[in-house]
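Undergrad: Per numbering that gives the first Met the number 0, the sequence shown starts with residue 0, numbered consecutively.
Glycine included, each C-beta is placed from N, C-alpha and C at the ideal position.
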Amino acid sequence: MASAAGEAPPGPCRGEIGLQFWVEALQLVPGLLAPAVLLGVALGVGAALLLCFYVIGPLLQNKKDDSHRLLESFHSDVRGHLDENVPLPRKKKTETQMSEEEMGNESSLNSNITAFALKAKVVYPINQKFRPLADGSSNPSLHENPKQAVLPNQIMETSTSSSLGSLSHGDKEDCSSSTTIHSATSDDRFQDRAFLKVTCFPEVLTCESFDVKLCLYSLLLKELLLLDTELRREKQVVFIQVLRTYLFDFYHKKKITEDLYQKIILTQETDLEELQKQLTSRLLSTEMSGARNSDYQTLEDLERKEREYSEHIIDNMEAFWKQADKAEQFLLNQSNCSSAKRGKIMMNLTERMIAVEGLLSQSQDLQAMDIQERIFNWELMVKMVDFLKTRIQEESKCRLDAVAGMLDQLTVKSNLSLSQKEELLTGLHKAFWEQVAHYNNECVQQGKDLIMKLLACRTRKIRELKQAQKDEQGDLLSKAQKIGELDEFLKACHEMLEKQRQTLYDLEEEDDCQSTEAVAELHQELCSGTSYALEELVQELFLQTLPTKTGLSLRECELLKEECQENLILQLEKWDSCRQKQWKLFQEQLQQERQLWTKEYALSAVMQKHLSEKHEKIIQGVLSRLGGLSEESAKYIFRKHRLLLCSVLRRLAVRNVAMATLTHMKMSQKKSLLQELREQHTLQKSSSHCQDEHQWQLQNAMESHILEEEEKLEEETQQTRLEFHQQLVAEIQEALQLVQQHMEQVIGQALLQHARQEAAKQSSEDGEDFKERLIEAAVESVYVTSNGVNRLVQCYYQQIEKIMDGHENRKLQHLKSFQAERTENNRLRKKQEENEQTLKEKRNQGTLNTSSAVHQRMLLQQQKFLAQFDVQQQFRLDSLKQKILVLRHLETQLENQLKQAEQDFITELAALARVPLTVRKQPLNRSVQSGKSLKTKRKNSHSWGKEDSGDFNEK
Numbered sequence: 000m001a002s003a004a005g006e007a008p009p010g011p012c013r014g015e016i017g018l019q020f021w022v023e024a025l026q027l028v029p030g031l032l033a034p035a036v037l038l039g040v041a042l043g044v045g046a047a048l049l050l051c052f053y054v055i056g057p058l059l060q061n062k063k064d065d066s067h068r069l070l071e072s073f074h075s076d077v078r079g080h081l082d083e084n085v086p087l088p089r090k091k092k093t094e095t096q097m098s099e100e101e102m103g104n105e106s107s108l109n110s111n112i113t114a115f116a117l118k119a120k121v122v123y124p125i126n127q128k129f130r131p132l133a134d135g136s137s138n139p140s141l142h143e144n145p146k147q148a149v150l151p152n153q154i155m156e157t158s159t160s161s162s163l164g165s166l167s168h169g170d171k172e173d174c175s176s177s178t179t180i181h182s183a184t185s186d187d188r189f190q191d192r193a194f195l196k197v198t199c200f201p202e203v204l205t206c207e208s209f210d211v212k213l214c215l216y217s218l219l220l221k222e223l224l225l226l227d228t229e230l231r232r233e234k235q236v237v238f239i240q241v242l243r244t245y246l247f248d249f250y251h252k253k254k255i256t257e258d259l260y261q262k263i264i265l266t267q268e269t270d271l272e273e274l275q276k277q278l279t280s281r282l283l284s285t286e287m288s289g290a291r292n293s294d295y296q297t298l299e300d301l302e303r304k305e306r307e308y309s310e311h312i313i314d315n316m317e318a319f320w321k322q323a324d325k326a327e328q329f330l331l332n333q334s335n336c337s338s339a340k341r342g343k344i345m346m347n348l349t350e351r352m353i354a355v356e357g358l359l360s361q362s363q364d365l366q367a368m369d370i371q372e373r374i375f376n377w378e379l380m381v382k383m384v385d386f387l388k389t390r391i392q393e394e395s396k397c398r399l400d401a402v403a404g405m406l407d408q409l410t411v412k413s414n415l416s417l418s419q420k421e422e423l424l425t426g427l428h429k430a431f432w433e434q435v436a437h438y439n440n441e442c443v444q445q446g447k448d449l450i451m452k453l454l455a456c457r458t459r460k461i462r463e464l465k466q467a468q469k470d471e472q473g474d475l476l477s478k479a480q481k482i483g484e485l486d487e488f489l490k491a492c493h494e495m496l497e498k499q500r501q502t503l504y505d506l507e508e509e510d511d512c513q514s515t516e517a518v519a520e521l522h523q524e525l526c527s528g529t530s531y532a533l534e535e536l537v538q539e540l541f542l543q544t545l546p547t548k549t550g551l552s553l554r555e556c557e558l559l560k561e562e563c564q565e566n567l568i569l570q571l572e573k574w575d576s577c578r579q580k581q582w583k584l585f586q587e588q589l590q591q592e593r594q595l596w597t598k599e600y601a602l603s604a605v606m607q608k609h610l611s612e613k614h615e616k617i618i619q620g621v622l623s624r625l626g627g628l629s630e631e632s633a634k635y636i637f638r639k640h641r642l643l644l645c646s647v648l649r650r651l652a653v654r655n656v657a658m659a660t661l662t663h664m665k666m667s668q669k670k671s672l673l674q675e676l677r678e679q680h681t682l683q684k685s686s687s688h689c690q691d692e693h694q695w696q697l698q699n700a701m702e703s704h705i706l707e708e709e710e711k712l713e714e715e716t717q718q719t720r721l722e723f724h725q726q727l728v729a730e731i732q733e734a735l736q737l738v739q740q741h742m743e744q745v746i747g748q749a750l751l752q753h754a755r756q757e758a759a760k761q762s763s764e765d766g767e768d769f770k771e772r773l774i775e776a777a778v779e780s781v782y783v784t785s786n787g788v789n790r791l792v793q794c795y796y797q798q799i800e801k802i803m804d805g806h807e808n809r810k811l812q813h814l815k816s817f818q819a820e821r822t823e824n825n826r827l828r829k830k831q832e833e834n835e836q837t838l839k840e841k842r843n844q845g846t847l848n849t850s851s852a853v854h855q856r857m858l859l860q861q862q863k864f865l866a867q868f869d870v871q872q873q874f875r876l877d878s879l880k881q882k883i884l885v886l887r888h889l890e891t892q893l894e895n896q897l898k899q900a901e902q903d904f905i906t907e908l909a910a911l912a913r914v915p916l917t918v919r920k921q922p923l924n925r926s927v928q929s930g931k932s933l934k935t936k937r938k939n940s941h942s943w944g945k946e947d948s949g950d951f952n953e954k
């Protein structure tokens with residue numbers, strides 16, 4: 000090219016030179032050919048490497064794992080499809096949760112899972128590509144990018160608890176908060192989450208799996224409320240029957256007329272029905288209050304309703320007490336009986352109602368435990384149905400994995416291209432998804448229809464049974480009873496009502512089993528149909544599609560299908576083995592819960608016994624301090640207090656069980672998640688037979704993590720139970736305050752009645768009629784002069800003054816001696832306490848450690864102060880009792896002397912007026928008798944108090 004340019008003719012300007020190239024001018028240089036070829040080859044290889052690294056490599060990697068990623072694109076479609084079957088409140092809540100999760104989870108899902116697994120030290124075998132998570136789903140290795148195919152059945156489960164990172168349900172929290180199942184945000188969300196209201200167990204069979212525990216516990220609360228209602232009605236029926244028996248006895252003895260008898264019974268029945276209507280209205284108002292949707296409820300609403308239910312029932316109990324007292328007083332007023340007879344009737348009524356309370360308390364305890372056992376049986380039946388629900392999903396997943404493995408083999412052997420494999424898997428995935436979605440829809444729809452039919456039949460059976468039981472009750476209660484046969488009648492009545500409740504319980508239990516069997520048969524039928532449809536799809540793929548796509552013979556495709564079927568059977572056997580292990584772990588969990596509930600009932604019994612003994616000692620102390628009450632009146636007050644206390648404690652026992660149930664409900668989510676962790680860890684441990692040292696260390700680290708979470712859960716459970724216990728203590732104090740107020744009225748009425756009796760007795764003893772006649776006779780008598788009367792009055796006043804001076808001197812002398820004796824006793828007591836304390840400190844000095852010495856000393860000082868306080872209080876009380884005895888003795892002596900002086904004055908006045916005296920008993924010297932009666936009364940009070948306490952403990 001340079002020579003050609005040189006051969007051109009020169010011109011005046013270089014820009015005007017014309018370059019002409021001819022073919023002959025293009026000559027090959029053999030020396031430059033080899034370098035040019037090498038350069039071209041190097042550029043081509045470099046371009047190919049760059050193309051493979053940046054384009055073809057990622058494409059092939061994506062193609063390789065598409066068998067596990069294809070269904071991910073259907074995730075949103077399945078979610079929307081399943082949401083169509085979710086009721087409105089649930090759907091809105093799910094959409095809200097999804098909108099919150101999509102913003103943070105799409106970009107941080109893998110990172111959150113990785114962070115949680117690393118912090119929790121969750122490591123699975125290296126050769127395991129898909130590693131199970133706490134909810135039973137699977138995710139790829141934490142060190143790989145591929146995702147596992149998601150089936151329709153996994154959508155709802157994974158949306159609530161799809162991974163270990165979601166245990167805290169804090170989607171917007173950092174990685175550190177996602178490593179634990181304990182979170183304040185989780186508690187708030189769980190407290191506000193709505194779950195379905197159910198009225199009976201068959202409805203639970205159609206609930207979502209994560210609502211089952213809450214629904215079952217809500218049924219437990221409902222059953223407890225129904226039990227309390229039944230026992231309260233039984234108590235009212237028995238009270239009316241006892242009242243009817245006494246009224247019939249009065250009517251038989253002609254003390255009341257038949258019209259009055261019927262009127263009293265009708266009035267009492269009407270009043271009790273009115274009380275029941277008021278309570279029902281209040282309970283219904285509480286049930287409807289705050290209900291945004293009548294089909295759903297939250298844990299917070301349930302907790303509030305239970306608290307208001309308890310308040311209404313306690314108010315109704317107080318109203319029943321007042322109504323019963325009013326009925327008893329009306330009965331006694333109409334009987335026209337003596338005071339002793341009235342007291343005996345009141346005591347008999349109280350004793351019989353105490354016996355009824357004892358029967359009701361025993362029945363309540365046994366039936367509460369039966370209800371709890373029913374909950375455990377229901378959980379087993381629900382778990383069994385849940386296993387049937389998930390079988391078709393697991394089978395479809397195993398079929399997909401088996402088919403994908405066969406297609407991978409064909410791709411490796413070059414019988415099938417990557418694009419063809421992806422096309423076949425895409426079509427098969429879509430067909431499987433449609434079948435599984437159809438199965439889910441049919442399970443929900445046909446399950447609801449079946450439950451509706453079963454509930455209609457159940458309602459009819461229960462209605463017929465209750466009508467027959469009502470007729471049986473009417474036949475028994477319509478018969479008039481004698482007082483002597485009343486105890487046997489009350490026992491027979493209770494046994495009849497108990498038998499009726501058991502019959503209803505057996506009917507419901509049998510219906511629950513039949514409903515579970517019917518739902519299980521429905522799921523098995525649908526599962527068989529869906530399994531057959533999936534088998535048809537696989538058969539079509541191997542026998543129709545693959546021969547045309549791969550060129551393989553029909554026989555070869557049949558062999559591939561048989562190999563795929565064998566792989567499917569192996570995977571299903573593994574799945575069945577996992578299910579058996581999960582079932583065993585589930586039964587172990589139920590057994591642990593049984594032990595917890597047994598402990599709850601034992602603590603409740605101890606609490607009732609403690610409260611009973613404490614308040615019986617209080618009422619005994621009050622009665623011992625009161626003066627002027629007869630032994631019969633004191634015993635009646637004590638038994639009346641026992642009756643009210645039994646009624647309150649029986650109600651609070653139900654409240655205690657309800658609070659324990661609410662505690663389990665608040666902890667149910669965390670317990671379920673922790674149980675899933677245990678199951679996955681157990682399954683992982685059993686599946687890995689040969690572990691190296693690193694895997695063994697990781698397994699131990701996971702066990703330590705689970706133990707740590709168990710300890711945290713135990714602490715939170717105890718804290719929650721403590722909060723409910725404090726609330727229960729406050730309610731107990733309020734209820735016991737009502738008992739105290741009611742007993743104050745009872746004691747006041749007893750004191751008032753005693754005062755009236757004493758006044759009437761004193762009036763009759765003083766002989767007011769004779770004094771009036773003596774005064775009239777003295778005024779009219781000619782023998783009575785002014786000087787004579789003045790002399791008698793002056794002598795009488797002088798004698799009274801002498802008596803009062805002597806009384807004051809004796810009183811002062813007794814008080815001085817009493818004070819000196821008290822001071823000496825106090826000094827001896829303090830000296831004895833100091834000696835005992837010194838010996839105790841010497842004994843404890845060698846046992847106290849340096850670290851706990853201060854704390855132990857503080858506890859000892861506190862115990863010492865409380866012990867001294869109790870001793871001082873008892874010493875002061877004993878001193879006051881002795882002082883009262885002395886003062887009463889002096890008062891009785893003064894009263895006898897004054898009466899003697901008055902009698903002398905009357906005798907002299909009658910002699911002066913020439914009026915004959917009637918023979919009257921001289922006033923008794925009650926000085927000695929008073930002390931003896933007080934000691935006897937106190938001794939009797941302690942004796943019947945101990946006897947009643949023993950009877951109560953036996954009950």
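(1) Using a threshold of 8 Å, state whether the C-beta atoms of alanine 430 and leucine 536 are closer than that.
(2) I need the straight-line Cα distance from valine 788 to leucine 814, nearest angstrom please.
(3) Consult DSSP for leucine 721 and reduce its assignment to one of helix, strand or coil.
(4) Just the C-alpha distance for leucine 897 and arginine 755, rounded to the nearest angstrom, thanks.
(5) Would you check if the segment 521-540 and the segment 367-377 touch, i.e. whether three or more CB-CB distances between them fall below 8 Å?
(6) Would you kindly work out how many angstroms separate the C-alpha atoms of glutamate 832 and methionine 857, rounded to a whole number?
(7) At the level of alpha carbons, what is the spacing between valine 647 and histidine 806?
(8) How far does the alpha helix (DSSP H) with leucine 476 in it reach, from first residue to last?
(9) Can you find the residues in the same chain that come closer than 6 Å, C-beta to C-beta, to arginine 303, ignoring five residues on each side of it along the sequence?
(10) For alanine 604, which residues does DSSP report across the bridge?
(11) With a Cβ-Cβ cutoff of 8 Å, do leucine 223 and alanine 657 count as a contact?
(12) Under 8 Å, do alanine 776 and valine 914 count as touching if we go by C-beta distance?
(13) Quick one: using the 10 Å Cβ neighbour count with 16 as the cut-off for buried, is histidine 251 buried or exposed?
(14) Let me make sure I understand the geometry here. Which of Cys442, Glu715, Leu676 has the alpha-carbon closest to that of glutamine 698?
(15) Quick check on phenylalanine 319: buried or exposed, where buried means 16 or more other Cβ atoms within 10 Å of its Cβ?
(16) Quick one, are the C-beta atoms of phenylalanine 723 and leucine 661 less than 8 Å apart?
(17) Thinking leucine 379 and threonine 549 are a contact (beta carbons under 8 Å), I'd like their distance in whole angstroms, please.
(18) Beta strand (DSSP E) containing phenylalanine 194: first to last residue?
(19) Using the DSSP secondary-structure output, state which residues sit across from threonine 297 in a beta bridge.
(20) My output table needs one value for cysteine 199: the three-state DSSP class, helix, strand or coil.
(21) Alpha carbon to alpha carbon, how far is serine 785 from asparagine 808?
(22) Answer yes or no: do serine 360 and arginine 649 have a C-beta to C-beta separation smaller than 8 Å?
(23) For isoleucine 391 and tryptophan 695, I'd like the C-alpha separation in whole angstroms.
(24) Would you mind stating whether leucine 965 and arginine 351 have Cβ atoms separated by less than 8 Å?
(25) Could you say which of Gln543, Ser477, Lys573, Leu571 lies nearest to leucine 559 if we only look at CA atoms?
(26) Could you give the residue range of the alpha helix (DSSP H) that holds tyrosine 504?
(27) Alpha carbon to alpha carbon, what distance is there between leucine 348 and cysteine 336?
(28) What number of angstroms, rounded off, separates the C-alpha of alanine 114 from the C-alpha of glutamate 707?
(29) Under DSSP, the alpha helix (DSSP H) around tyrosine 250 begins and ends at which residues?
(30) To test your reading of the DSSP string, which unbroken beta strand (DSSP E) runs of 3 or more residues are found completely within the segment 274-353?
(31) Are the segment 309-318 and the segment 725-742 touching, with three or more C-beta to C-beta distances below 8 Å?
(32) Consult DSSP for alanine 671 and reduce its assignment to one of helix, strand or coil.
TA: In this structure, then:
(1) Yes, Cβ-Cβ distance for alanine 430 and leucine 536 is below 8 Å.
(2) So the alpha carbons of these two residues sit roughly 39 Å apart.
(3) Three-state result, leucine 721: helix.
(4) Taking the straight line joining both Cα atoms gives about 23 Å.
(5) Contact between the segment 367-377 and the segment 521-540 is absent, because fewer than three Cβ pairs lie under 8 Å.
(6) So the two alpha carbons sit approximately 18 Å from each other.
(7) Separation of valine 647 and histidine 806 (C-alpha to C-alpha, rounded to the nearest whole angstrom) is 50 Å.
(8) If you look at leucine 476, you'll find it in the alpha helix (DSSP H) that goes 417-476.
(9) Take arginine 303, set aside five residues on each side of it, and no residue of its chain has a beta-carbon closer than 6 Å to its own.
(10) None; alanine 604 has no bridge partner.
(11) The criterion of a C-beta distance shorter than 8 Å is satisfied by leucine 223 and alanine 657.
(12) Contact: yes.
(13) Histidine 251 is exposed by the Cβ-count criterion.
(14) Considering only alpha carbons, the answer is Leu676.
(15) Label assigned to phenylalanine 319: buried.
(16) Result yes, Cβ atoms of phenylalanine 723 and leucine 661 sit closer than 8 Å.
(17) Separation of the CB atoms of leucine 379 and threonine 549 is rounded to 49 Å, and the pair is thereby denied contact status at 8 Å.
(18) 193-195 is the span of the beta strand (DSSP E), which, as asked, contains phenylalanine 194.
(19) Its beta-bridge partners are Ala193.
(20) Shown here, cysteine 199 sits in coil according to DSSP, grouped into three states, outside any helix or strand.
(21) Serine 785 and asparagine 808 have their C-alpha atoms some 35 Å from each other.
(22) Against a cut-off of 8 Å, the Cβ pair of arginine 649 and serine 360 comes out as a contact.
(23) Looking at the two C-alpha atoms, the distance is approximately 34 Å.
(24) The structure shown does not extend to residue 965, since the chain is modelled only from 0 through 954, so no value can be given for it.
(25) Closest by alpha carbon: Gln543.
(26) Unbroken alpha helix (DSSP H) run through tyrosine 504: 485-539.
(27) Cysteine 336 and leucine 348: Cα-Cα distance of roughly 15 Å.
(28) Confidence is the limiting factor: at alanine 114 the pLDDT is only 42, short of 50, which leaves the residue's position unreliable and the question unanswerable from this model.
(29) Unbroken alpha helix (DSSP H) run through tyrosine 250: 211-251.
(30) With a minimum length of 3 residues, the unbroken runs of beta strand (DSSP E) contained wholly in the segment 274-353 fall at 295-297.
(31) Taking a cut-off of 8 Å on C-beta distances, the segment 309-318 touches the segment 725-742, as three or more cross pairs fall below it.
(32) Looking at the sequence itself, residue 671 is serine, so the reference to alanine does not match. Three-state result, serine 671: helix.
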